[in-house]
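Numbered per the numbering used here, the sequence shown spans residues 3 to 418.
Where is the CB? At the ideal position from N, CA and C, for every residue including glycine.
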Amino acid sequence: MKKLAGAAMLSAGDILGKLIGFLILPYLTSKMGVSEYGLLTLYLSFIQILIILISFSGQGLLPVKYIQENENASLIFRHDNINLAIFSSIFILLVFVFFKFFLSINIPFSDAFFIVFASLVQGVNVINLSHLRISQTYKLASIGQFSLSVLNVLFTIVLFSFLDGTAEYRLMAVTLSFLLVQLFYSYSIFSKLNVDYSKRRTSKRQSYKEIMLYGISLWPHHGSYWIKSTIDRFFIAHYMSVAVVGVYGLALQLSSILMLFFSVISQAFQPFIYRYLNEKDFLSVKRIQFIYVCFVLFCALVYYIVTPYAFPYLFSHKFNKAILYFNYLLPGTAFMCIYYIYTHVLFFYKRNKIISTITASSMLIHLIGILCVILIHISVEMFCVVYTVSSAFACIATACVCSKNIKAMRRSVNDS
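Structure follows, in structure tokens:
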């Protein structure tokens, strides 16, 4: 019961922190304007994929190391994962500088630096949180995540007030807030843990190789999701305008509040699901999944009803069309929220190829849908419908494969 309360505390702190971050949306849109906010939305799209490339999805493998080996093994893994993330960030920045000299890239060096640096510190945050959750270090983790959003908002207001409301200063605020929280985690938690590197089961080179192979095996999975969730913005910017991207980006941000809320809850359930799977308690896993899905549907319905009434009081009339796009995006977001809870079973059994196949198929459906929109009738609403259809496929397919895996494992337990 104490562990469950700790998980709830971390989730509450994380959710409250993220909600504080979203409360600044009206301030951002009023200070930045439609076009500058559209540019920020495009920059955030790059950050989403860079976090995946830089961290190599180590947060998925770290809890498995903790449960199947021990805490020391997971701490060594964390250390190697963060080192590899730093090397990857430097490499990506050097590649950008190289191509900047030979190609006409409109992104300034300063913006590119903060895009990569923001991706690095967010990737490190994901890795650190993965260890804190599985080791059930809830109190300090909760403080860190809540402080993260408070600092994010504080730095944004200070920079926008004394300098200017641009995408670059928003990225600077994000980078500084994540960096300070990672330093807090390092000083208050990880520096006090004794890590015995002499007990490495593999060399550092082999560890890097394992992390890279694990991450690369999931690139189709994460890449497919990134394409689904962000490529629409680039098509809208090309065929319409950056200003329309700004309105669409706000609708995405509003719908993603639900997704962020349930990604936190899903991650809070991860240690419990992993332990139940390790103990062959499949009934408890199914119970968690059922309660989670019901809660998603309930929250989505409430959110759908409340948001249109609150919107005019929070945002400029220039963004009014965002609420229409939000209504189209919300069903797809709900499907993705449900999708999260079923992936834990597949990650535990290391069914990376299956996950990648499902998400790649979902991406293909999404791209075919976008092609149809471009050829038949280009509208933001149709891009939203395509997102919902591809998300529904990913959710249903993952749920079916998850159920099939649990049934297979249950049969093997009964046979033995």
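Item	Value
Cut-off 6 angstroms between Cβ atoms - residues of its own chain near residue 249, not counting five sequence neighbours on either side	321, 323 and 324
Residue 123 and residue 184 closer than 8 angstroms at C-beta	yes
Minimum C-alpha distance to residue 271 - residue among 214, 102, 56 and 135	135
Three CB pairs or more closer than 8 angstroms across the region 310 to 320 and the region 272 to 287	no
Start and end residues, alpha helix (DSSP H) containing residue 158	140 to 164
Reduced DSSP category for residue 167 - H, G, I as helix; E, B as strand; rest coil	coil
Continuous alpha helix (DSSP H) stretch holding residue 335: start and end	324 to 350
Residue range of the unbroken alpha helix (DSSP H) whose run includes residue 247	244 to 280
Pick from 69, 156 and 52 that is closest to residue 273, judged by C-alpha positions	69
Neighbour-count burial assignment, residue 374, 16 or more Cβ in a 10 Å radius	exposed
Reference residue 140; option with closest CA among 401, 281 and 269	269
Presumed contact (8 angstroms Cβ cut-off) between residue 45 and residue 173, rounded CB distance	6 angstroms
The region 354 to 369 touching the region 328 to 340, judged by at least three CB pairs closer than 8 angstroms	no
Proximal residues to residue 77 (C-beta, below 8 angstroms), its chain only, five neighbours per side dropped	133, 192, 195 and 197
Continuous alpha helix (DSSP H) assignments of at least 4 residues falling wholly in the region 99 to 145	111 to 136
Helix, strand or coil at residue 197 according to DSSP, with G and I counted as helix	coil
Collapsed DSSP secondary structure at residue 220 in the structure displayed	coil
Sequence-distant residues of its chain with Cβ nearer than 6 angstroms to residue 171 (five each side left out)	161 and 165
Run of the alpha helix (DSSP H) containing residue 202, from where it starts to where it stops	Looking at the DSSP string, residue 202 is not in any alpha helix (DSSP H), and its letter there is neither H nor E.
Minimum C-alpha distance to residue 279 - residue among 253, 251, 349 and 88	349
Rounded C-alpha distance that separates residue 342 from residue 115	31 angstroms
For residue 379, three-class secondary structure by DSSP	coil
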